[in-house]
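Residue 124 in UniProt numbering is what sits at position 124 of the sequence shown, and the numbering runs on without skipping anything.
Think of the CB as a built atom: it goes at the ideal place given N, C-alpha and C, for glycine as much as any other residue.
In this text the structure is predicted, and so the values were computed from the model without any measurement.
Notes follow once the structure below has been shown.
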Amino acid sequence: MREIIQIQVGQCGNQLGSTFWEVIGKEHGIDYEGNYNRFNSGTSNKDVHYRETSGGKHIPRALLVDLEPGVLSTIKVSSQGRLFHPNNYVYGSSGAGNIWAKGYYTDGNDLIETVIEAARKEVEDCESLQGFQLVHSLG
Numbered sequence: 001m002r003e004i005i006q007i008q009v010g011q012c013g014n015q016l017g018s019t020f021w022e023v024i025g026k027e028h029g030i031d032y033e034g035n036y037n038r039f040n041s042g043t044s045n046k047d048v049h050y051r052e053t054s055g056g057k058h059i060p061r062a063l064l065v066d067l068e069p070g071v072l073s074t075i076k077v078s079s080q081g082r083l084f085h086p087n088n089y090v091y092g093s094s095g096a097g098n099i100w101a102k103g104y105y106t107d108g109n110d111l112i113e114t115v116i117e118a119a120r121k122e123v124e125d126c127e128s129l130q131g132f133q134l135v136h137s138l139g
């Protein structure tokens, strides 16, 4: 299988990513608990975007990244939030306040090792990684 890992960054990236997982879950017959229903599935390639645990639960191959906890906290407490692996939520405490240099040199720089480690773990769970899908905004 050719797996794709989605990396969602920032408010826009995570809000768009949330909608993506809602749509692709319906397409593949996977509910917010990670249960697969083959009768509701429109396609059999669920392993491209999901990995299956030993208990049969399907978890998105996704990293949710932000410099502040706001949007990720909203996703985490939603019904969809249980779908993602808890270690794949990576966020800071303050945000950059729309200041590029602060996000690049300080707050973002502090999170990069955590993001790389989470990405490495996702890659190790892949049989044949196809690539990364990055969802974010510019500006």
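Determine the extent of the beta strand (DSSP E) in which residue i is found, giving its start and end residues.
i      : result
Glu52  : 50 to 52
Gly131 : 129 to 135
Got a sec, what are the start and stop residues for the alpha helix (DSSP H) residue i sits in?
i      : result
Leu63  : Where Leu63 is concerned, there is no enclosing alpha helix (DSSP H), although the beta strand (DSSP E) it sits in stretches over 62 to 66.
Gln11  : 10 to 28
Asn35  : Counting along the chain, Asn35 falls outside any alpha helix (DSSP H), and DSSP gives it neither H nor E.
Asp110 : 108 to 124
Apart from the five residues just before and just after residue i, which ones in its own chain have a Cβ nearer than 6 Å to its Cβ?
i      : result
His58  : Ile30, Gly34, Tyr36, Tyr50, Glu52
Lys46  : His28
Leu134 : Ile7
Nearest to residue i by CA position, among the options, is which residue?
i     : options                   : result
Ser94 : Arg61, Gly56, Ile4, Gly10 : Gly10
Gln8  : Met1, Lys76, Ser18        : Ser18
Ala62 : Gly13, Leu138, Ser137     : Gly13
Val90 : Ile75, Glu22, Phe39       : Ile75
Mind checking who residue i pairs with in its DSSP beta bridge?
i     : result
Glu5  : Per the sequence shown, the amino acid found at residue 5 is Ile instead of Glu. BP columns for Ile5 point to Phe132.
His85 : Note: His85 sits in no beta bridge, so no partner.
Ile59 : Arg51
Val77 : Per DSSP, none; premise fails for Val77.
Are residue i and residue j closer than 9 Å when you measure CB to CB?
i      : j      : result
Gln88  : Leu111 : For clarity, residue 88 is Asn in the given sequence; the question names Gln instead. Their beta carbons are not under 9 Å apart, which means Asn88 does not touch Leu111 by this criterion.
Glu3   : Ser137 : no
Ile5   : Glu122 : yes
Gly103 : Leu72  : no
Below 8 Å CB to CB, which residues in the same chain sit around residue i once its five sequence neighbours on both sides are set aside?
i      : result
Gln130 : Arg2, Glu3, Ile4, Val48
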